[in-house]
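Peer 1: Chains as they are written, first to last, in our numbering: chain A, 1 to 114; chain B, 1001 to 1114.
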DNA sequence: CGGATGTGCAACCTTTGGGTAGCGCATCCG
DNA sequence: CGGATGCGCTACCCAAAGGTTGCACATCCG
């Protein structure tokens, strides 16, 4: 049954979004400086505005970015909250892993032993 | 100059490796139970042994998995150490972000508030 | 009003990624 | 020895991802 954080499900969309270097760069830019538009972002990137827009759409699906319309331009700002879940997922993984490592170590010590 | 963890570079290979659900499942399986072979893993997955082998290769490039030859079979075991770097990278991002949020909040309070 | 400026959308192209099938080679074991 | 068993490698297929171009539409401002 285990009603605790046993199953910490992997945040699919977030990991997919972070897998692309340009998307990471965009996200980092938004995290450093505040909001920006697809056009302004494209200015400092080696790709077109439309390509940036697609990347922003991916980041949006992952919940890592939020769009706000301001007149004729759309301003995006970062929301890194979803990263917490992702880090938690990684942490549960590593915990299980280390748990296993310790079990092995203990077994070895018990066998040849002190 | 900032000789601290200023530039925490994003672990490309790790994020790419984690972007695929099957790869995550393989990694989780290796973290839970100990080592396994491409053949044994393929038994509990909806894909062929060759496909699993490819995934293991990706995980290996990311340093998340290590291969050990034992006779005619190759045993893989997890190494989740690279995840630490990834988590650190995420952490620096969120830190910058929260720093920015606070700056904005303070500014707002200073303008309208007490 | 009318020209900039900023987006959205759709068609299209090319590369990459996940997957399979087939074969050759090493290794184990009766 | 000789048949299983396990892997590696290559060729090949297909769908999706990243990118570009072109154009229509809304909004701002002189």
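Positions of the beta carbon are idealized from the N, C-alpha and C atoms, including for glycine.
1) Got a sec, what are the start and stop residues for the alpha helix (DSSP H) residue 61 of chain A sits in?
2) Assuming residue 1078 of chain B contacts residue 1030 of chain B (C-beta within less than 8 Å), just tell me the rounded distance between them.
3) If the criterion is Cβ atoms closer than 8 Å, does the pair residue 24 of chain A and residue 1019 of chain B meet it?
4) Should residue 1068 of chain B and residue 1026 of chain B be called a contact, given that it needs their Cβ atoms to be closer than 8 Å?
5) Where does residue 75 of chain A fall in DSSP's three states?
6) Below 8 Å, how does it come out for the region 1077-1092 of chain B and the region 84-103 of chain A: are there three or more Cβ pairs, yes or no?
7) Please classify residue 36 of chain A: does DSSP put it in a helix, a strand, or coil?
8) If you follow the alpha helix (DSSP H) that residue 1017 of chain B is in, where does it begin and where does it stop?
9) With a Cβ-Cβ cutoff of 8 Å, do residue 1052 of chain B and residue 1059 of chain B count as a contact?
10) Within 8 Å (strictly less), CB to CB, does residue 1061 of chain B reach chain A?
11) Determine the direct distance from the alpha carbon of residue 36 of chain A to that of residue 1104 of chain B, and round the result to whole angstroms.
12) If the cut is a Cβ gap below 7 Å, which residues of chain B does residue 21 of chain A touch?
13) Using the rule of at least 16 other Cβ atoms within 10 Å of the residue's Cβ for burial, across every protein chain shown, is residue 107 of chain A buried or exposed?
14) For a cutoff of 8 Å on Cβ pairs, would you count residue 83 of chain A as touching chain B?
15) Can you tell me which residues form a DSSP beta bridge with residue 1068 of chain B?
Peer 2: So, from the listed chains and residues:
1) 49-61
2) 4 Å
3) no
4) no
5) strand
6) yes
7) strand
8) 1012-1018
9) no
10) no
11) 16 Å
12) 1012
13) exposed
14) yes
15) B:1075
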